[in-house]
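In the working numbering, the protein residues as written are 302 to 662.
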């Protein structure tokens with residue numbers, strides 16, 4: 302191990318799996334590994350440590366080969382720094398408990414900049430470490446749900462959370478998310494049906510409306526209520542054989558499941574209704590992001606508001622992975638007077654995280 306290059310570790314600890322990546326000083330990812338579930342709130346400390354250890358050990362095996370890979374706990378000097386993002390960790394007490402548990406496993410001092418332990422949303426801000434001309438970032442996650450969080454890079458390499466907006470779940474929020482897109486699609490179909498009834502003129506043709514009718518197995522816009530408001534399936538039983546397949550899904554997933562259809566209709570079919578839905582959804586996400594921003598002309602900005610022009614927007618989640626939706630989001634943010642210096646979709650959280658702490662070392 303004495304001839305091994307300096308190693309930098311990033312681990313994303315989530316509810317379904319634990320993912321680890323190891324990079325060398327130049328930011329090259331040389332090993333990846335997976336472990337079991339590690340949401341700290343769900344699994345507790347013992348299971349967390351086991352899943353974490355499995356992922357790190359597997360990453361080292363991939364990087365160095367089974368014969369040369371070290372076992373946990375590591376010896377001093379094997380690892381230079383580590384950044385650990387943990388789902389279910391929000392309180393200082395939980396961060397401290399995990400830091401104390403992981404420091405001896407990794408042979409690192411229990412403090413920044415060598416060992417950073419935080420909520421997993423922090424990892425999505427990893428591109429912030431790769432740009433020397435910005436010190437603040439906004440993370441916007443839009444998948445099934447949505448949330449936006451702003452950060453400032455501290456001198457010790459840690460990230461200070463400045464504020465967060467959203468993350469309230471599908472009943473109260475999730476603006477710009479998959480659920481929001483699906484709901485807006487149904488609302489727009491109903492709105493146009495109401496307008497057609499009032500004016501006596503039929504609604505314009507729409508591939509999106511046709512596909513929603515097909516998925517819901519309906520022929521009339523107002524029949525959507527029988528699908529949207531039908532009770533959730535009983536766990537382990539599902540809908541009766543005679544019922545519509547869509548009713549096997551929970552209510553929120555009946556809506557969220559429409560999002561891919563909306564995107565296809567908007568960007569492939571160029572369907573006007575679908576594009577209207579996505580612009581509305583991007584606008585809702587932009588409003589959420591804008592709540593944490595200020596402009597140079599603001600007379601009394603919020604104490605922790607940041608300037609988009611000197612920040613990076615880091616995007617995560619399946620919806621914002623699509624370039625068309627990113628462009629709509631840019632346009633909607635510009636309407637609020639916000640243009641970010643950088644915008645990046647983070648598709649490799651652990652790889653970018655490992656490269657980020659390597660660049661800061």
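Heads up, the beta-carbon is just placed ideally off N, CA and C, and yes, glycines get one too.
All of these numbers come straight from a predicted model, not from anything done at the bench.
*Rounded separation between residue 427 and residue 533 - CA only*: 38 Å
*Where does residue 319 fall in DSSP's three states?*
strand
*Quick one, which of 629, 614, 624 has its alpha-carbon nearest residue 449's?*
614
*Please work out which residues of its chain come closer than 6 Å, Cβ to Cβ, to residue 324, disregarding the five sequence neighbours upstream and downstream, and give them in chain order.*
309, 330, 655, 656, 659
*Between the CA atoms of residue 480 and residue 553 - distance to the nearest angstrom*: 7 Å
_Cβ pair count under 8 Å reaching 3, the region 374-392 against the region 412-424_ = yes
*From residue 525 to residue 517, what does the alpha carbon distance come to, in whole angstroms?*
7 Å
_Test item: CB-CB of residue 424 and residue 311 under 8 Å_ = yes
*Inter-residue spacing [alpha-carbon to alpha-carbon] between residue 302 and residue 557*: Any reading at residue 302 must be qualified, since the residue scores a pLDDT of 43, below 50, and its modelled position is unreliable; no value is offered.
*Under 8 Å between C-beta atoms of residue 380 and residue 605*: no
_Ignoring anything shorter than 4 residues, give me the alpha helix (DSSP H) runs that lie fully in the region 371-443, in order along the chain._
393-407
*Indicate whether residue 439 and residue 590 have their beta-carbon atoms separated by less than 8 Å.*
yes
*Do you know offhand how far residue 452's Cα is from residue 436's?*
8 Å
*Run the CB neighbour count on residue 467, radius 10 Å, all protein chains shown included, and call it buried at 16 or more, exposed below.*
buried
_How far does the alpha helix (DSSP H) with residue 362 in it extend, from its first residue to its last?_
341-365
_Close beta carbons around residue 338, own chain, < 7 Å, minus the five adjacent residues each side_ = 316, 317, 318, 344, 352
*For the alpha helix (DSSP H) holding residue 636, just list the boundary residues, first then last.*
624-636
*Distance, Cα to Cα, residue 675 vs residue 498?*
Lying before the first or after the last residue shown, residue 675 is absent from the chain, which here runs from 302 to 662.
*Whole-angstrom distance between residue 355 and residue 281, CA atom to CA atom*: Absent from the structure is residue 281, since the part of the chain shown begins at 302 and ends at 662.
_For residue 529, which residues in the same chain have their Cβ closer than 8 Å to its Cβ, ignoring the five residues on either side in sequence?_
487, 552, 555, 556
_Using only the alpha-carbon positions, how far apart do residue 500 and residue 600 sit?_
46 Å
_Sequence ranges, beta strand (DSSP E) only - wholly within the region 508-585, length at least 3_ = none
*Starting from residue 450, trace the beta strand (DSSP E) both ways and give me its first and last residue.*
447-454
*In three-state DSSP terms, what is residue 458?*
coil
*How would you label residue 522, buried or exposed, when you count the other beta carbons within 10 angstroms and need 16 or more for buried?*
buried
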